[in-house]
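Everything on this sheet refers to the single structure shown next.
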Amino acid sequence: PLIDGQGNFGSMDGDSAAAMRYTEARLAKVAHALIEDIECDTVDFMPNYDESLREPSVLPARFPNLLVNGTNGIAVGMATNIAPHNLGEVLRACTAYVDNPNITIEELTKIVPGPDFPTGGLILGYGGAKSAYLTGRGSVMMRARCTIEEIRKDKEAIIVHEIPYQVNKAMLVQKIAELVKEKRIEGISDIRDESDRQGVRVVIEVKREFQADVVLNQLYKYTQLQTSFGMNMLAINNGRPMMMNLKDIIAAFVKFREEVIRRRTVFKLNKARDRAHVLVGLAIAVENLDPVIELIRTAANPNEAKDALLAKAWPAGDVEPLVKLIAEPGREVVNGTYRLSEAQAKAILDLKLQRLTGLERDKIHDELRAIGEEIKEYLSILASREKLLGIMKDEFQAIRLEYANPRRTEIQDIEVDTDIESLIQREEMVVTVTEAGYIKRVPLNAYKAQKRGGKGKSGMTTKEEDFVTRVFVASTHTPVLFFSSKGIVYKMKVYKLPLGSPTSKGKPFVNLLPLTEGENITAIMKLPENEEECKGLSVMFATSQGNIRRNSLMDFVNVQSNGKIAMKLDEGDKLVNVMMCDDDHDVMLAAKSGKCNRFAVADCRVFVGRNSTGVRGIKLQDNDEVISMSILKHTKATTEERDEYLRLSSALKKAEFAEGGEEAAFNALEPQISYELFKDMRENEEFILTVTTTGYGKRTSAYEYRITARGGQGVANMEMSERNKEVISSFPIKDDHQIMMVTDGGKLIRMPVEDIRIAGRKTQGVILFRTAEGENVVSVTWLDADDEDDETESEVVNEFDGVASAEE
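Numbering (the numbering used here), first residue to last: 21 to 828.
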C-alpha cells in the first residue's frame with residue numbers, strides 16, 4: 021500500500037470507513053519511491069483545476085505503479101481494469117527488458133507469470149494472464165485458498181484461509197448460507213466466520229455422510245470462492261488511450277525512467293556548474309587577494325567596484341587547472357587570465373573577510389575539485405546511454421531489495437475444472453436394467469442383506485411384460501460401456517443415469533442413448549476410473565452362439581456420444597458379456613445346458629479391428645447357448661496336482677488338528693504335493709458360483725475346471741435335472757462377497773456368499789431363492805460386503821428396473 025493509515029478504513033466485509041475526523045494517514049515508506057527527485061525538474065508541472073497551484077503531470081516513479089498496484093476505471097466508451105502484480109517480479113522484468121529490448125512477451129511471462137493479489141488466494145492456470153499479457157485482454161480465474169481438516173472424529177470441515185481479490189467476505193458467507201437453505205448445496209451442517217486480526221478463517225462444517233472435496237467443488241461452482249478477474253489493460257500513453265500488452269507497459273515505463281534520469285542528471289549538472297561558477301570567482305579573488313582588496317577599497321560604490329572587477333582580466337594562477345576541470349562552456353582561461361562574470365563579481369563583493377584566510381582558500385579549492393568530479397560524472401552519464409541504463413537497473417535492484425515481498429497469490433498449473441463430475445458426491449450405486457430396456461441407479465444402502473433361503477417380499481407388482489435382467493454395483497464416477505445388439509458401444513458415467521428408488525421404474529435406454537430402431541442394450545461393462553489402468557488390458561467379447569473376440573481395452577476408452585462399432589454379430593447372435601482380461605487369465609464360457617469350457621486368454625489373439633465376428637470359444641449343442649463368461653486366474657498346476665489339492669483340501673476341512681497343527685495333519689494324509697505348493701494353491705484358489713433359473717446354486721473350486729482347448733465342448737459345470745431346469749448365471753465369487761438374485765416377478769434377495777455350500781462340479785446345488793410357482797431367477801450379481809448392511813433380520817426389496825452385466 022502507498023498510504024499508511026491510522027484508524028478504521030473499512031474491512032473486507034464491506035464495512036464503511038470511519039469519518040475523516042477519526043482517521044489519520046501518511047505516505048507509506050514505499051510511496052516515497054514514487055515522488056523521489058520530483059524537485060529535480062524530472063517531470064513537467066501543470067496548473068491545477070483552478071490554476072491556483074501547479075502540480076506534476078505525472079510522478080517520477082521508480083517502479084511501474086500501473087502494474088504493481090493495478091487500477092480500474094470507466095470513461096466514455098472505454099474502461100480499464102489492470103490487476104496488481106508482485107513488485108519484485110515486475111522490477112526483474114524491467115531489468116530484463118533493459119538488458120534485452122528484443123525480449124519476447126513469452127520470456128517476460130516467465131518472470132511475471134501472473135497477477136499477485138493482496139488477498140492471496142490461488143490463480144488457476146497461466147492461460148488467462150498470458151492472454152492479457154499478449155493482447156491486453158484476458159480473464160484470470162481466482163480461487164480461495166481452502167483446506168480440509170478433521171475437526172472431530174469422522175467430522176471434516178472446509179477452512180477458508182484466503183479469499184479472491186475484491187470479494188466481500190460477509191456477502192460470501194451469506195451466499196453460502198442461502199445456498200444451504202435452498203438445498204442447492206447439501207452436506208453443510210454449519211458455517212461460521214472466525215476471522216480476526218491475524219487473517220481470514222471461515223469454517224464450513226461438512227456432514228458426516230458427505231465428502232468434503234465434493235462439497236468444496238460445489239462451493240467453487242456456485243459461490244465467489246471461485247471467480248474471475250477480467251483484465252483490460254487500457255492506459256493513457258503519450259496523451260492517447262492505448263490497449264497495451266505487458267511488454268508495451270514495461271517499455272513505456274523504461275523509456276519514462278530514462279527521461280527522468282536524464283532530466284535529473286541535467287538538473288544536477290546545471291546546479292553543480294552554477295556552484296562551480298561562483299567558486300571559481302571566489303578562487304580568483306583569493307588568488308589575487310591584494311589587487312582585489314585595493315580595487316574594492318578605492319571604488320566609490322558597489323556598482324563601481326563590480327564594474328572594475330568585470331573590466332579586468334585576472335591572472336588565473338593556481339586556479340587554472342580547476343577551471344579546466346569544470347569545463348564550463350564560454351568561461352575558459354585565455355593567456356593565463358580569467359574574466360569574471362556578474363554573478364562571480366557579486367559573490368566576491370558579498371565575500372566575508374573570514375573566507376580570505378588560507379584555510380578557506382583550501383576549502384574552496386577542495387570543493388571545486390569535488391564539484392568538478394561530479395560534473396565529470398554527470399557529463400559521462402549524459403554521454404553514455406549504457407551508463408544511464410546501468411543507473412536505472414541499480415535503482416530497480418535497490419527498490420526490489422528494500423520493498424519487494426514474496427508472492428502472495430499462488431498460481432497452479434491447472435485449467436479450471438468445469439466438469440460436472442467434480443460436483444457429484446462419490447457414492448456406491450446399484451444399477452439395474454429391465455428386459456424392456458429401462459435403467460436406473462439406486463444408492464446401495466437402500467438394500468439390506470438377508471439370510472440364504474429368504475423369501476423376500478414384494479414392494480410392487482411388476483408388469484407381466486417386463487422384469488429385471490441385469491444388476492451391478494458401481495461408484496457414481498465409474499464410466500460404463502453399454503454394448504448394443506447391433507454391436508455398437510456407448511459410454512456414460514453412472515451419475516448420468518437416472519436416479520430412482522428400489523421400487524421406481526427408471527427411464528428407457530432410448531431416452532439416454534442414441535439407439536436406432538430395433539437396437540437394444542445386451543451387455544454392460546464397467547471401466548476403471550483411471551484411464552492409465554486400461555493400458556495393457558484386453559477386452560474379451562462373448563456371444564450367445566459361443567464366439568469370442570479379444571481387443572485392446574484402449575480401443576474403447578474414448579467413445580463418442582453417438583457411440584462406435586464394437587463387434588460384428590451374425591444374424592441371431594447377441595453379446596452375452598464383455599470383460600477385461602490379460603495373458604495371466606483364463607476364460608470360462610458357461611452354457612445354459614450345464615456345460616462350460618475353460619481356456620487360456622493367450623489362446624485368443626488380440627484383434628486389431630472392431631469389425632469382425634471373432635473366433636469359436638465353445639462348441640454348443642442344438643438349442644444351447646452361452647449364458648455367461650468369466651475371467652479366472654490362469655493356473656500352471658497339472659491335472660494331477662489339482663486333483664490332489666482338492667482331495668487334501670476336503671480332508672483338512674473335516675480334520676481336527678492335534679499337536680503339530682495343520683502341517684502335521686497334512687503330512688498324515690500321505691500327500692503327493694508339497695505343503696508349500698498346497699498353501700500357494702489355496703491362496704490363489706477361486707470359487708465359481710453357479711445358479712439355476714429355479715433358484716438353486718452352489719460354489720465350486722475353479723481347480724475342478726480343467727483347462728481345455730479353445731472351441732471344445734468343455735466339461736460339466738452342474739448336474740442338470742427337472743428341478744434345476746437351466747443355468748442362469750455362473751461367475752467367480754469370494755467368501756466376503758454378497759450376491760443379489762432377481763426374479764422375473766420383480767423380487768430381489770441379497771445374501772452372504774459364505775452361506776452358500778461348496779460342492780463339486782457334478783452336483784445339483786442347494787436352494788438359494790425359494791421362487792414362486794412359475795417364477796424364474798433372471799439375474800444374479802455379486803456385491804462387496806458392507807458392515808452397515810450385514811443385518812440378520814430379513815428385509816425385502818422389490819426391483820422393477822435395472823441393467824448391468826451380472827458376471828462382472
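Idealized CB from N, CA, C, for every residue including glycine. Model, not experiment: these values are computed from the prediction.
Around A675, the same chain offers A685 as residues with beta carbons nearer than 6 Å, after the five sequence neighbours per side are excluded. Among the bridge pairs identified by DSSP, F249 is matched with V160. Take L302, set aside five residues on each side of it, and the residues of its chain with a beta-carbon closer than 8 Å to its own are Q364, A367, I368, L371, R375, I384, in chain order. The Cβ atoms of T62 and R283 lie closer than 7 Å to each other. Contact annotation, I769 with G717: C-beta distance approximately 12 Å; criterion of less than 8 Å not satisfied. Annotated three-state conformation of H385 is helix, per DSSP.
In the structure shown, I183 adopts coil according to DSSP, grouped into three states. Fully enclosed alpha helix (DSSP H) runs of no fewer than 4 residues occupy 659 to 674, 681 to 688, 695 to 703 of the region 659 to 741, in order along the chain.
If you draw a 10 Å sphere on the C-beta of H654, you find 16 or more other C-beta atoms in it, and that means buried. Contact between G140 and T498 is ruled out by a C-beta separation of about 37 Å, above the 8 Å threshold.
Note that the C-beta distance between I568 and R630 is not below 7 Å. Taken in chain order, the unbroken stretches of beta strand (DSSP E) that lie wholly in the region 189 to 248 and span 3 residues or more are 208 to 213, 222 to 226. Between T100 and L266, the gap from beta carbon to beta carbon reaches 7 Å or more. Linking T658 to A729 through their CA atoms gives a straight-line distance of about 15 Å.
Exclusion of the five residues before and after R46 leaves D24 as the residues of its chain whose Cβ lies within less than 7 Å of its Cβ. Unbroken alpha helix (DSSP H) runs of no fewer than 4 residues, entirely contained in the region 122 to 180, are found at 125 to 131, 147 to 155, following chain order. For P341, the enclosing alpha helix (DSSP H) begins and ends at 340 to 346. Non-local C-beta neighbours of I171 in its own chain, meaning closer than 6 Å and more than five positions away in sequence, comprise A177, ordered along the chain.
The DSSP-derived three-state label of V577 is coil.
For T62, no beta strand (DSSP E) encloses it, and the DSSP letter there is neither H nor E. For Y510, the pairing in a beta bridge is given by DSSP as F502.
Note that the region 685 to 698 does not touch the region 610 to 624; fewer than 3 beta-carbon pairs, one per stretch, sit closer than 8 Å. For P335, the enclosing beta strand (DSSP E) covers residues 333 to 335. Inter-residue distance for E664 and V786 is about 26 Å (C-alpha atoms, whole angstroms). The beta carbon of F287 sits closer than 8 Å to the beta carbons of C60, D61, T62 from its chain, once the five residues preceding and following it are set aside; these are given in chain order.
Secondary structure at P311: helix, using DSSP grouped into helix, strand and coil.
Three or more Cβ pairs closer than 8 Å define a contact, and the region 629 to 649 meets that threshold against the region 564 to 579. In this structure, the CA atom of P322 is about 8 Å from the CA atom of I316. In this structure, F576 lies near L501, with their beta-carbon atoms less than 7 Å apart. Put simply, of E705, L330, V450, V353 the residue whose alpha carbon is nearest the alpha carbon of P341 is V353.
Taking D382 as reference, the option from I304, A418, L360 with the minimal CA-CA separation is I304.
Taking a contact as a CB-CB distance under 8 Å, the pair I753 and W802 counts as one, their CB atoms being some 6 Å apart. Looking at G794, V343, S669, P534, the one whose alpha-carbon comes closest to that of V579 is P534. The three-state secondary structure of Q432, taken from DSSP, is strand.
Within the region 578 to 651, the complete beta strand (DSSP E) runs of at least 3 residues fall at 595 to 601, 605 to 611, 615 to 620.
L573 is a Cβ neighbour of L557, given a cutoff of 7 Å.
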